[in-house]
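Here the structure comes first, spelled out in structure tokens, and everything after it is commentary.
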Amino acid sequence: MMTMTLRILLILVSVATFLQMMRKIRQSKIQIESAIFWIVLALVLVAFSVFPSIADFAAHCLGIYSTANFLFLFAIFLLIVKVFNMTIHISQLETRIKELVQQMALDEMDRKDFAGQEKRVSGREISGGKNEEEG
601 MMTMTLRILL
611 ILVSVATFLQ
621 MMRKIRQSKI
631 QIESAIFWIV
641 LALVLVAFSV
651 FPSIADFAAH
661 CLGIYSTANF
671 LFLFAIFLLI
681 VKVFNMTIHI
691 SQLETRIKEL
701 VQQMALDEMD
711 RKDFAGQEKR
721 VSGREISGGK
731 NEEEG
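Counting in my numbering, the sequence shown runs from 601 upward without gaps.
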């Protein structure tokens with residue numbers, strides 16, 4: 601059974617998380633897609649604290665003697681999943697950054713080659729023009 605202190609703590613933390621995510625979304629510091637995880641987690645924790653029988657039932661089904669232990673296990677599991685997803689996302693971003701840097705380097709090299717060819721061509725025209733005037 602969940603104690604009243606744990607229930608109040610869950611509600612406070614959940615509401616604080618929810619409000620923080622809403623504030624960050626309004627300030628455009630976090631994308632809605634990224635905040636959805638935290639908003640849903642906050643709502644689930646509110647549900648667990650308002651209706652503790654849900655958490656008690658889940659703990660009993662999993663063979664966990666303490667509801668508090670179930671809640672900690674639940675939170676740890678979700679955070680591990682979140683970290684795994686973030687690791688995948690970061691890896692994809694690093695790959696994309698590497699590709700963009702390589703493309704920028706190739707574009708820079710092409711631009712320098714083009715500028716060098718342009719100088720050579722314009723230099724021939726100038727020297728060719730002088731030779732014709734002198735001759």
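Just so you know, even glycine gets a beta-carbon here, dropped at the ideal spot from N, CA and C.
Exercise for the section: Report the residue from 649, 711, 624 whose alpha carbon sits nearest the alpha carbon of residue 638. Expected result: When only C-alpha atoms are compared, the closest one is 624.
Practice task
Please state whether DSSP places residue 613 in a helix, a strand or coil.
Solution key: Reduced to three states, the DSSP call for residue 613 is helix.
Problem - Residues near residue 704 by beta carbon distance below 7 angstroms, same chain, minus five either side - result: Closer than 7 angstroms at Cβ, skipping near neighbours: no residue.
Problem - Cα-Cα separation, residue 715 to residue 677 - result: Their Cα atoms are separated by approximately 57 angstroms.
Handout entry: Inter-residue spacing [alpha-carbon to alpha-carbon] between residue 602 and residue 691
Key = Roughly 40 angstroms between the two C-alpha positions.
Problem - Expected contact under 8 angstroms - CB spacing of residue 640 and residue 614 to nearest Å - result: 11 angstroms between Cβ atoms; not a contact.
Practice task
Name the residue from 636, 628, 604 whose alpha carbon lies nearest to the alpha carbon of residue 617.
Solution key: When 636, 628, 604 are compared, the shortest CA-CA separation from residue 617 is found for 636.
Practice task
Just mark residue 621 as buried or exposed, buried being the case when its beta carbon has 16 or more other beta carbons within 10 Å.
Solution key: Answer is buried; the Cβ neighbour count reaches 16.
Handout entry: Limits of the alpha helix (DSSP H) - the one that residue 654 falls within
Key = That run of the alpha helix (DSSP H) goes 652-662.
Practice task
State the DSSP-derived secondary structure class of residue 634, mapped to helix, strand or coil.
Solution key: Of the three classes helix, strand and coil, the one that applies to residue 634 here is helix, per DSSP.
Exercise for the section: May I have the straight-line CA-CA distance separating residue 706 from residue 718, to the nearest angstrom? Expected result: Straight through space, the alpha carbons of residue 718 and residue 706 are spaced by roughly 18 angstroms.
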